[in-house]
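*Asks:* First the structure, then my questions, so here it is.
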Ligand SMILES: *[C@@H]1O[C@H](CO)[C@@H](O)[C@H](O)[C@H]1NC(C)=O
Ligand SMILES: *[C@@H]1O[C@H](CO)[C@@H](O)[C@H](O)[C@H]1NC(C)=O
Ligand SMILES: *[C@@H]1O[C@H](CO)[C@@H](O)[C@H](O)[C@H]1NC(C)=O
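In UniProt numbering, the protein residues as written are 1 to 315.
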């Protein structure tokens, strides 16, 4: 799931500059594209909040309840900002291919973060930490530290939403999840059977994309292993009030782009659209031959779909 924000930032980027080698590489869809290779990040030694990894352009931001959230941004903060929010059990690293792609940076400011309970962020396991408001505060903490201003006031204080093969809100999760994905849930949340957990996690990542590069595949599994199972449980069971969201859509206040993968084995397209029935300013694009990780199977098409939509409907 992605949320795009129009950036009105007027200050300099807080984040260090990315120093990268540029190389032309062959993409999975057989086109030649320019990519950052092994980016080397100039870090500020005095920045006590700098992230765990010295080679990632990230930092910890502190959410309202004290939870530390790992966030990262690349590009020019004066351009429209897109905040990439990953799905269940993964982390911000899922978007590596996008963040390493300079063609995105020509047009937009890229922001991503490990949502609470994931990746490098804190992983609270008490119920109070999983109240919806806390997750909204995480978004705000990231937004403030990265100097992204809201272009307007509620209900359309973000410029648009991009749902990428998304569960639109919590109440729709078991309708939108495919039977194969839902079947992995007991294994993803078990605290008593290691064999079942291992098999379920491997199955879940394979459903997301059946042919990932080995390192990336291991990173996806790793994001599963660093997560307490109590957090996985909250991710399936926490509640969310979707009234405001749906009002913003049905009133015409907020444009929405819904992207689907033609081969997605995790999310059911029609069920996802049913969950946002009546949304007024809606564009739907299905990427042929794309898996649940749509941007990996069809990275060029994904990029042009998102950037063209932002140009036409948001900026
Ligand atoms: C653990 O899970 C495996 C795989 O799902 C299953 O075959 C096995 O019976 C389970 N063990 C127990 C003790 O429930
Ligand atoms: C959900 O949010 C709406 C406002 O967006 C509010 O009117 C309603 O009372 C809330 N429902 C619950 C159950 O809190
Ligand atoms: C999306 O829908 C809007 C109307 O809501 C339309 O103007 C626009 O051309 C559509 N297509 C794209 C690619 O944004």
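By construction, the Cβ of each residue, glycine as well, lies at the ideal position given by its N, Cα and C atoms.
1) How do the region 247 to 255 and the region 221 to 228 stand: do at least 3 beta-carbon pairs fall below 8 Å, yes or no?
2) With the cut-off set at 8 Å, would you say residue 169 and residue 275 are in Cβ contact?
3) Count the CB pairs spanning the region 61 to 79 and the region 124 to 142 that are closer than 8 Å, and state whether there are at least three.
4) Indicate the three-state DSSP secondary structure (helix, strand or coil) for residue 239 in the structure shown.
5) How would the residue list near ligand 1 read, in chain order, if you kept each one whose beta-carbon is closer than 5 Å to any heavy atom?
6) Find the nearest neighbour of residue 229 within the set 194, 240, 208, judged by alpha-carbon distance.
7) Going by other Cβ atoms of all chains shown within 10 Å of its Cβ, with 16 needed for buried, is residue 214 buried or exposed?
8) Relative to ligand 2, is the shortest distance from any of its heavy atoms to the C-beta of residue 244 smaller than 7 Å?
9) What are the boundary residues of the alpha helix (DSSP H) that includes residue 97?
10) Here's the rule: buried if 16 or more other CB atoms are within 10 angstroms of the residue's CB, otherwise exposed. What is residue 117?
11) Within 10 Å of its beta-carbon, does residue 107 have 16 or more other beta-carbons around it, so buried, or fewer, so exposed?
12) Can you give me the start and stop residues for the alpha helix (DSSP H) that residue 174 sits inside?
13) What span of residues does the alpha helix (DSSP H) with residue 117 cover, start to end?
14) Does the distance from the C-beta atom of residue 182 to that of residue 267 stay below 8 Å?
15) Please work out which residues of its chain come closer than 8 Å, Cβ to Cβ, to residue 280, disregarding the five sequence neighbours upstream and downstream, and give them in chain order.
16) Is it the case that the CB of residue 164 approaches a heavy atom of ligand 3 more closely than 7 Å?
17) Mapping the DSSP letters down to three states, classify residue 68 as helix, strand or coil.
18) Nearest to residue 132 by alpha carbon, out of 234, 74, 78?
19) Looking at the structure shown, is residue 250 part of a helix, part of a strand, or coil, going by DSSP?
20) Look at the alpha carbon of residue 295 and the alpha carbon of residue 265, and state the distance between them as a whole number of angstroms.
21) On the DSSP letters alone, give me the boundaries of the alpha helix (DSSP H) that residue 303 sits inside.
22) Check the C-beta distance from residue 92 over to residue 112 and give it rounded, since I have them as a contact under 8 Å.
23) Would you call residue 188 buried or exposed, if buried means 16 or more other Cβ atoms sit within 10 Å of its Cβ?
24) With 16 as the cutoff for other CB atoms within 10 Å, does residue 302 come out buried or exposed?
25) Within 10 angstroms of its Cβ, does residue 218 collect 16 or more other Cβ (buried), or is it exposed?
26) I'd like the list of long-range same chain contacts for residue 285, defined as Cβ closer than 6 Å, with 5 residues on each side in sequence excluded.
27) What number of angstroms, rounded off, separates the C-alpha of residue 89 from the C-alpha of residue 119?
28) Who are the near neighbours of residue 144 in its chain, counting only those whose CB is closer than 7 Å to its CB and skipping five residues on each side?
29) Any chance the CB of residue 256 is under 7 Å from a heavy atom of ligand 3?
30) Can you check which of these residues, 104, 77, 87, is closest to residue 300 by C-alpha distance?
*Replies:* Reading from the atomic positions:
1) no
2) Here residue 169 is taken as the residue at index 169 of the chain shown, counted from 1. Here residue 275 is taken as the residue at index 275 of the chain shown, counted from 1. In this structure, residue 275 lies closer than 8 Å to residue 169 by Cβ.
3) yes
4) Counting from 1 along the chain shown, the entry for residue 239 is found at position 239. The answer is coil: DSSP assigns residue 239 none of H, G, I, E or B.
5) 193, 195, 196
6) In the chain shown, counting from the first residue as 1, residue 229 sits at position 229. When only C-alpha atoms are compared, the closest one is 194.
7) Walking along the chain shown from the start, residue 214 turns up at place 214. Looking at its Cβ environment, which holds fewer than 16 other Cβ atoms inside 10 Å, residue 214 is exposed.
8) For this step, residue 244 is matched to residue 244 along the chain shown. Yes - ligand 2 has a heavy atom lying nearer than 7 Å to the Cβ of residue 244.
9) Within the chain shown, the letter at position 97 stands for residue 97. First-last of the alpha helix (DSSP H) with residue 97: 96 to 99.
10) The sequence position of residue 117 within the chain shown is 117, counting from 1. Its Cβ being crowded by 16 or more others within 10 Å, residue 117 is buried.
11) Working through the chain shown from its first residue, we reach residue 107 at position 107. It counts as buried.
12) Translated into positions along the chain shown, residue 174 becomes position 174. 173 to 176 is the extent of the alpha helix (DSSP H) around residue 174.
13) Within the chain shown, the letter at position 117 stands for residue 117. Segment: none, residue 117 is in no alpha helix (DSSP H) and carries neither H nor E.
14) As a working note, residue 182 is residue 182 in the chain shown. As a working note, residue 267 is residue 267 in the chain shown. In this structure, residue 267 does not lie closer than 8 Å to residue 182 by Cβ.
15) Walking along the chain shown from the start, residue 280 turns up at place 280. 249, 250, 251, 252.
16) Taking the chain shown and counting its residues from 1, one reaches residue 164 at position 164. The answer is no for residue 164.
17) Along the chain shown, read from residue 1 onward, the residue named residue 68 stands at position 68. Reduced to three states, the DSSP call for residue 68 is strand.
18) What you label residue 132 is simply residue 132 of the chain shown in a count that begins at 1. Selected option, being the one with the closest Cα: 234.
19) Here residue 250 corresponds to residue number 250 of the chain shown, with the count starting at 1. DSSP places residue 250 in helix when its eight states are reduced to three.
20) Position 295 of the chain shown, counted from the first residue, corresponds to residue 295. Position 265 of the chain shown, counted from the first residue, corresponds to residue 265. Their Cα atoms are separated by approximately 15 Å.
21) One-based indexing of the chain shown puts residue 303 at position 303. Counting along the chain, the alpha helix (DSSP H) containing residue 303 begins and ends at 299 to 309.
22) For the purposes of this step, residue 92 is taken as residue 92 along the chain shown, with counting starting at 1. For the purposes of this step, residue 112 is taken as residue 112 along the chain shown, with counting starting at 1. With 8 Å as the limit, residue 92 and residue 112 qualify as a contact, their Cβ atoms being about 4 Å apart.
23) Residue numbering aside, residue 188 sits at position 188 when the chain shown is read from its first letter. Buried: at least 16 other Cβ atoms inside 10 Å.
24) Counting from 1 along the chain shown, the entry for residue 302 is found at position 302. Buried, because 16 or more other Cβ atoms sit within 10 Å of the Cβ of residue 302.
25) If you number the chain shown from 1, residue 218 lands on position 218. It counts as exposed.
26) The sequence position of residue 285 within the chain shown is 285, counting from 1. Only 259, 305 meet the Cβ criterion.
27) One-based indexing of the chain shown puts residue 89 at position 89. One-based indexing of the chain shown puts residue 119 at position 119. For residue 89 and residue 119, the distance between alpha carbons rounds to 9 Å.
28) Indexing the chain shown from 1 puts residue 144 at position 144. Excluding residues within five positions, none has a Cβ falling inside 7 Å.
29) Position 256 of the chain shown, counting from 1, holds the residue named residue 256. No.
30) If you number the chain shown from 1, residue 300 lands on position 300. Comparing Cα-Cα distances from residue 300 to each of 104, 77, 87, the minimum goes to 104.
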